Structures are given as structure tokens and as C-alpha cells.
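Undergrad:
Given below as C-alpha cells:
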């Protein structure tokens, strides 16, 4: 059993042979929960069990300190300043871009655009690349499991350009993509294929390398929504072969309001800007302007300097832990939680696969509304999320109005699964009464 | 009994339960005794929007007093709606327009509810007020 999980008395009672060797941990994992100040509090008289990581993750002290240090020591606007503080701020901001390029395996920092988050990144591609490259008769291919943020921007683009939307179907509660249908839907009219790496509702991990290869063979540009996977799974855009990849800082131990769009250099160079303003120009006349090269072309106005720098620090933190180790930790907890929920919570309907999954588990307790599950779990100090999870069409397809969702991350423990199950059983008994 | 007095009585009744979770439990228990609205009343016209759960409120005037019935797809919301029906049913339109439902705050129930749910309950209160105000106008 790994050091981190085995610190839980419950976990130690559930050790399995062979676990000692399958979870190589480094020093950074020791006392990891101490790195997250917010975890150490009581909620409604109970120690907080935070299982809402798919909505947002908590921030380690080093990220919080990076924010404070920027504002306390280096705060200045970037790029055109000459004074010492501006030089320091610019250096730190551009270092965060370099860090992000390394984090994602991008060919260079020029391929990294800082945005407000995944939604902003996808809208950038839709407005800029989509506006310039799509027209009537073209097809935008999505999957049925996309978050609204990877659906609505494409609906708006389709309405503007006359392009059509098409979907790769999802197979039942297990939630895998029906790849047998890919040849039928991925036809030469498809100019863009946008898909999520990890479903925020189903916890399913899509075979994105294969999807990128199939799209490339068909001449379609690919957009990967990595909101739920960046910071959870290793990502190398070079090996993936994607054209664009979008992520949010706040779901991977970074601050809110900062995200990244990775774009392949050749595509970014050919794309028009989507927002005008300072910083994105090389020359401005009264009646026309010329643009700066990417990525500046896409970063109009004063950027989110402090949060970009702190996101870089979050990447350091995650890589110190090891993204392979984080992925295995997430999967181990989610697989155990799935099995125990199925065995110990009578009647529960679980979504997503039983194994080889991410840390997101959605479920339906028959007879109990998802919002009531969340309200009563909160009374036990367990933070869940209930609703349609920005997946309204998928919910309808599965015949559900809403689900409750527990989502695990690197600081969660097996003890917390115990607390989740105890809370759900109590809720069931209560509503059965 | 005035509406303000009835509200205080309801607060006193539920305040006997000291534990916050048990108090929520009592609200869900109340939902079990709330007769469901028939299908033909669970219509778009009776639906209260901005509730994340589906919720419906039906009001009628009898002998100068308003009576409310409600339903929701969440037992907890049903219970809260039942509480509001208990509060406002039998009151005059003028009283209903004037008296806000402070029992949710006074009983600490608001603290256990999410912002979106509280917004939904505010919409329910607004619907009850609007239904009463319509009778006020028709009477006036």
C-alpha cells in the first residue's frame, strides 16, 4: 500500500497484496494534506470531506504564496515596462508560459495562449479559427458527453456560419463513446472535431490519441477539452497529435480565472485575432492595424498576470508529485469508491465505467433528489455536487434529470470514501423512513 | 390569528427540534403529508422557474382568503413548499403581500440550503405574493 493512502486506518484494513509496488511515491506525497490549508476545517460540526474537485480543486500553500508574493513584491504591468518591477513581472509571466509549454509538451511557448479558462479557450477557437475556416455544408463533430462549454460555442458558430453539428454517440450508463459509429460520423465534411479528454459527469477517459489520429486522417482539426484531465493525467500534445487543447487552472490546483489554449503554431499563425486592444498589435494606424504574432495576437489587454504565474507554480507542484502517480491515485480511489458504492448502497445507479476511469463518479439514489443528497451530505461535512453538471442533453439521453457527483483528487483518502458511504446510507435510511 | 402570529407559531413548533439536520428531516416529513398535485395542475402556467428542482404552486381565493397547494420533484423542496403553504394558506391577500416568510431564516433552514435553492424559494414567495396581489386587485 502506498504511504499516502496507508495513513488512513480504514485503508490499512483493506490492503491488498502487491499494492506495495504499484504506486511509486516520492517525498512530495508525505503529509500532502498539510499543503492545503482549506482542508483543515469543520463543516457543520464534521471534518470537511471535499469531493467536489471536478468543479474546482483546492490550492496548495505554494500557489497561494505565489499569488501573495507577486502582489507583495513584483506587481507591475507586463511587456512594455522598463522599470525593475515591470521587468520582474514580465519575466515571471513569460516564465509561466514556458512552464506551461513544458507541462503540455508543446513545441514552444509561442503555442501557449493564456485565457480565462477552458470556456474562454474554446470560444477563442470557435470565434477565430471557426469564423475563418467554416462555412455552409461543413460539419462540426462533437460527442454526446460534451460539457455545455464544448457544445454551446460550436452551436453559436454553426448558427453564424451555416455549419452543421454532428455527435459521436455515448453507450449507456457506462458512458463510453460508440467508436463503431466513428466512420459513419467522421466524414470528409467534418472540418473540426472537438471532444473531451475526461467526462465531467461519467468519469470516462476517452481514447483521445486515437480520436486525434482518426480526425487527422480525415483532414479535420481537433480540439481537446482537457478541463477534467489536465493536472490529473499526463498530457503531451506532441504525442497526442491534437491541434488545440484547452484547460482551466482552477481545476488543477491553480487559481480561478486563468486557463490555457494550446494551439499548433501553424494554425495560430494563420488565425485572425478575436479580441482587439492593447498588447495584441504590432502597429496601429487610425484606420487599420497589424497584429503581433501569436500568442500576443490573442491576448488583448492586460493579461491575468498573477494567476498565470501562480498556475505555473501549480504545475511545479503537480509535477513534483508526478502526474502518473496522481492519475493512479485518482483511479484507485474512484475504482474503490465505485465498487463500494455498488456493494454497500442498495439500489444506487452508478454512471461511468467500473474501472480505468478518472476520479469523477456520478450516481442516482432512487427516490432521493440529487439536490437533497447534496444538502444532507453537506450536513455530514461531505461536499458533493448535484445537478445536470452542464450535461443537459446527456442527462436526457440517460433518462435522468440530475445526478449527485463525488469527484476525487490527489488529497482525498480512503477514509473519505468511508465518510461518503456512511453519509449516503444515512440519507437513504432517512428518505426511506 | 393574524399571519404574523401564525408565522411565529410555525417557528415555535419547529424550533423545538434543536438539531439542524433533524429540523431538515421534519421538513421532509412534512413533505410526505403534502398531497401531490394532479398531473393536470403540474403545468407550465403553475411552474415556478429559477427553481433548480421542478416546482409548481397553485393558488385560489375562497371567502376572501387565499389557499395554496404546491408540489416539487425534490422531497426537501416539497417540504419547504408545504411550509410556505402552511404559512400563507387561509390568510387574506393583503396580509400575504405584506408578510415575508422569515421562518426560513429564523429556523436556520436557509443556512442549510444552497444559494440557487434559496433563489428558487424567493421565486416561490414572489409567485405567492403575485397570486395574492392579483386577488387584491380584483377585489379592489
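Residue numbers (the working numbering), protein chains in the order written: chain A, 17 to 449; chain B, 732 to 871. Even glycine gets a Cβ: it sits at the ideal position worked out from N, Cα and C. All figures in this text were calculated on a predicted structure; none of them were measured in a lab.
Under a three-way DSSP split, which group does residue 31/A fall into?
TA: The pLDDT assigned to residue 31/A is 35, lower than 50, so where the model puts this residue is not dependable; a value taken from the coordinates is nonetheless given after this. Of the three classes helix, strand and coil, the one that applies to residue 31/A here is coil, per DSSP.
Undergrad: If you count every other CB in all the chains shown that lies within 10 Å of the CB of residue 733/B, and 16 or more means buried, which is it?
TA: Under this definition residue 733/B is an exposed residue.
Undergrad: Does the stretch 165-181 of chain A come close enough to the stretch 315-326 of chain A that 3 or more CB-CB pairs lie under 8 Å?
TA: With the cut-off at 8 Å, the stretch 315-326 of chain A and the stretch 165-181 of chain A do not touch.
Undergrad: Would you say residue 133/A and residue 295/A are within 7 Å of each other, going by their C-beta atoms?
TA: Against a cut-off of 7 Å, the Cβ pair of residue 295/A and residue 133/A comes out as no contact.
Undergrad: The alpha helix (DSSP H) spanning residue 194/A covers which residue range?
TA: Element bounds for residue 194/A: n/a, residue is neither H nor E.
Undergrad: Across which residues does DSSP place residue 791/B in a beta bridge pair?
TA: Residue 791/B pairs with 798/B.
Undergrad: Using only the alpha-carbon positions, how far apart do residue 793/B and residue 743/B sit?
TA: Distance between the alpha carbons of residue 793/B and residue 743/B is about 28 Å.
Undergrad: What whole-angstrom Cβ distance do residue 160/A and residue 141/A have, given they're in contact under 8 Å?
TA: Rounded, the Cβ-Cβ distance is 20 Å, inconsistent with contact.
Undergrad: Note down, in chain order, every chain B residue with its Cβ under 7 Å from the Cβ of residue 388/A.
TA: Going along chain B in sequence order, the residues near residue 388/A (Cβ under 7 Å) are 805, 806, 807.
Undergrad: Give me the chain B residues within the contact set of residue 447/A, using Cβ-Cβ distance strictly less than 8 Å, ordered along the chain.
TA: Per Cβ cutoff of 8 Å: 759, 806.
Undergrad: List the residues of chain A that residue 784/B touches, going by C-beta distances under 8 Å, in chain order.
TA: Under the 8 Å cutoff, chain A gives 385, 387.
Undergrad: Does the CB of residue 395/A have a neighbour CB from chain B at under 7 Å?
TA: Judged by the 7 Å Cβ criterion, residue 395/A is in contact with chain B.
Undergrad: In three-state terms, what does DSSP make of residue 45/A?
TA: Residue 45/A: helix per DSSP, three-state reduction.
Undergrad: Using Cβ-Cβ distances below 9 Å, what residues of the stretch 411-436 of chain A are close to chain B?
TA: The residues in question are 417, 418.
Undergrad: Three-state secondary structure (DSSP) at residue 134/A?
TA: The answer is helix: DSSP assigns residue 134/A an H, G or I state.
Undergrad: In three-state terms, what does DSSP make of residue 150/A?
TA: Of the three classes helix, strand and coil, the one that applies to residue 150/A here is coil, per DSSP.
Undergrad: Pull up the DSSP beta-bridge partners for residue 307/A, would you.
TA: Partner(s): 297/A.
Undergrad: Along chain E, in chain order, which residues have C-beta atoms closer than 8 Å to that of residue 391/A?
TA: The chain inventory of the structure shown lacks chain E, comprising the protein chains A and B.
Undergrad: Run through DSSP, which three-state label would residue 74/A get?
TA: The answer is coil: DSSP assigns residue 74/A none of H, G, I, E or B.
Undergrad: Given residue 53/A, which residues of its chain have a CB within under 7 Å of its CB, disregarding the five upstream and five downstream residues?
TA: Result list for residue 53/A: 77, in chain order.
Undergrad: If you draw a straight line from the C-alpha of residue 91/A to the C-alpha of residue 808/B, how long is it?
TA: Cα to Cα, residue 91/A sits roughly 48 Å from residue 808/B.
Undergrad: Per DSSP, which one or two residues make a beta bridge with residue 238/A?
TA: DSSP lists 209/A as partners of residue 238/A.
Undergrad: Are three or more beta carbon pairs between the stretch 343-362 of chain A and the stretch 437-445 of chain A nearer than 8 Å?
TA: Yes: the two stretches touch, three or more of their Cβ pairs being nearer than 8 Å.
Undergrad: Do three or more CB pairs link the stretch 145-162 of chain A to the stretch 294-309 of chain A at distances below 8 Å?
TA: No contact exists between the stretch 145-162 of chain A and the stretch 294-309 of chain A.
Undergrad: Kindly list the residues whose CB is nearer than 8 Å to the CB of residue 144/A, restricted to its own chain and excluding five residues on each side of it in sequence; keep chain order.
TA: Excluding sequence neighbours, residue 144/A sits near 287, 288, 289, 290, 314.
Undergrad: So, with DSSP's three-state summary, where would you put residue 220/A?
TA: Residue 220/A: strand per DSSP, three-state reduction.
Undergrad: Alpha carbon to alpha carbon, how far is residue 120/A from residue 267/A? Give it in angstroms, no decimals.
TA: Whole-angstrom Cα-Cα distance: 15 Å.
Undergrad: To the nearest angstrom, how far is it from the Cα of residue 412/A to the Cα of residue 404/A?
TA: Rounded to the nearest angstrom, the two C-alpha atoms are 9 Å apart.
Undergrad: At what residues does the alpha helix (DSSP H) containing residue 349/A begin and finish?
TA: Unbroken alpha helix (DSSP H) run through residue 349/A: 339-360.
Undergrad: Relative to chain A, which residues along the stretch 733-756 of chain B have a C-beta separation below 9 Å, given in chain order?
TA: So the close ones are 751, 752, 755, 756.
Undergrad: Would you give the residue range spanned by the alpha helix (DSSP H) that residue 437/A belongs to?
TA: 430-448 is the extent of the alpha helix (DSSP H) around residue 437/A.
Undergrad: Given that a residue counts as buried once 16 or more other Cβ atoms are within 10 Å of its Cβ, and exposed if not, what is residue 50/A?
TA: Exposed, because fewer than 16 other Cβ atoms sit within 10 Å of the Cβ of residue 50/A.
Undergrad: Hey, how far is the Cα of residue 99/A from the Cα of residue 109/A?
TA: Cα-Cα distance, rounded: 15 Å.
Undergrad: May I ask which residues mark the beginning and end of the beta strand (DSSP E) holding residue 376/A?
TA: Per DSSP, residue 376/A belongs to the beta strand (DSSP E) from 376-380.
Undergrad: Which term fits residue 848/B, buried or exposed, when burial requires 16 or more other beta carbons within 10 angstroms of its beta carbon?
TA: Result: buried.
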